Every structure is written in structure tokens, then in C-alpha cells.
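Enquirer:
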Amino acid sequence: MKPYRRRGALWWARWVGTAACVFAVVAFLASLRCEVHLEGAHWEVWLQRGSVLLLWDANPTTRPCRSVGVATTQRSLRDFEWRPEVLISDPGYVELPLWLPLLIIGHPTAFLWGRARRRPLAGHCRNCGYDLTGNVSGRCPECGLTIPS
Ligand SMILES: [Zn+2]
1 MKPYRRRGAL WWARWVGTAA CVFAVVAFLA SLRCEVHLEG AHWEVWLQRG
51 SVLLLWDANP TTRPCRSVGV ATTQRSLRDF EWRPEVLISD PGYVELPLWL
101 PLLIIGHPTA FLWGRARRRP LAGHCRNCGY DLTGNVSGRC PECGLTIPS
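Reading the sequence shown from the start, the letters are residues 1 to 149 in our numbering.
As C-alpha cells, then:
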């Protein structure tokens, strides 16, 4: 047992997964109205048309130094990139439509939420999932829930 671990790995997986899904949805919707552009010496990241586009070039001929740009735009769902594309080369790119990470992360996250609702792990708080091993106070130190003995 690790006495210093505040929360279980599943608790973190659930919330990190949820945060990632919310981020993907927000980024997806935001790309209807704006595009975000990050640029370094050898790479560019674009958030546009419902997807994330990563480009790299080991030997760029002209490239300003690091910059960030946000531009407003008007897009409809028909303009969006729905298919992933990869060109492993130099220069190359990866285009990842946001529905893909949403699907990949959302499915196990939904599963973890369903599981957390149904049956709490033995020896864990049924409210917050805190590990109650060795706890004799009758109260969850994390959320204050009274624990039936
Ligand atoms: Zn608790």
C-alpha cells in the first residue's frame, strides 16, 4: 500500500479522460469560428477545421522565430477535415481530426464513469474513490463521507 497516494489511478484516468474530451469538443467547436497557429523553428501546429495539424521541417528555408496566432474564420462542418492524414517525411505532417481522440479517449472514459457509478472498489470511498485502507475514523478524509462500518 502506498500511504501517500491520495487518489486511485482510475480516479485520475477518469478525470484526465473527461478533461481531454471536453478539450477536444471545445477545440472542435472553436475551430468553426477561429484557427489557432503555433510556430517554432522546425514545426507548426494548427488547430483548424475540426482537426489538429502538425507539420515539421528539419531544414526550413525561411521561418520566423516562435510565434502564436489566432485568426477568426467562418467554417461550416463541410469544410472540416474528417479523415486523418499522415506524411512521414521531411518535411512532413500529421493531420488528426478531433473526433478521433474524442472517440479513443471518450469510450474508455465513459466506461470508467459507468464502472465508478455502479460498484465502488472494496476498501475505497464510494463517493470519491479515496483509498480507505487503514482508516478507522469512520469518515473519509478526502470528502468527509461517513463510512458505514
Ligand atoms: Zn470520500
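No residue lacks a Cβ here, since even glycine has one placed at the ideal position from N, Cα and C.
The structure presented is a predicted model; accordingly, all values stated were derived computationally and were not measured.
Let me make sure I understand the geometry here. Which of Ala41, Arg49, Trp12, Gly69 has the alpha-carbon closest to that of Phe28?
Expert: Arg49
Enquirer: Would you kindly work out how many angstroms separate the C-alpha atoms of Pro3 and Arg139, rounded to a whole number?
Expert: Because the pLDDT of Pro3 is 49, which lies under 50, any placement of that residue in the model is unreliable, and the number read from its coordinates should be weighed accordingly. Taking the straight line from one Cα to the other gives about 17 Å.
Enquirer: Using the Cβ count rule (16 or more neighbours within 10 Å means buried), how would you classify Cys231?
Expert: With the chain covering only 1 through 149, there is no way to say anything about residue 231.
Enquirer: If Leu98 sits next to Pro84, beta carbons under 8 Å apart, how far is it from one beta carbon to the other, in whole angstroms?
Expert: No, Leu98 and Pro84 are not in contact; Cβ-Cβ is about 11 Å, not under 8 Å.
Enquirer: Taking 5 Å as the limit, tell me which residues put their C-beta closer than that to any heavy atom of ligand 1, in chain order.
Expert: Cys125, Asn127, Cys128, Tyr130, Cys140, Glu142, Cys143, Leu145
Enquirer: Helix, strand or coil for His37? Go by DSSP, reduced to three states.
Expert: In this structure, His37 counts as strand in the three-state DSSP scheme.
Enquirer: Among the candidates Leu103, Ser76, Val52, whose CA atom is the shortest distance from the CA of Tyr93?
Expert: Val52
Enquirer: Pull up the distance between the alpha-carbon of Arg7 and that of Ala30, whole angstroms please.
Expert: 33 Å
Enquirer: Considering only C-alpha positions, which residue in the set Ile147, Gly144, Gly106, Leu132 is nearest to Val22?
Expert: Gly106
Enquirer: Count the other CB atoms, across all protein chains shown, that sit within 10 Å of the CB of Ala19; report buried if there are 16 or more and exposed otherwise.
Expert: With fewer than 16 Cβ atoms within 10 Å of its Cβ, Ala19 is classed as exposed.
Enquirer: Return the Cβ separation of Trp56 and His37 in integer angstroms, given the expectation that the two are a contact with Cβ distance under 8 Å.
Expert: At roughly 15 Å, the Cβ-Cβ gap does not stay under 8 Å, so Trp56 and His37 are not in contact.
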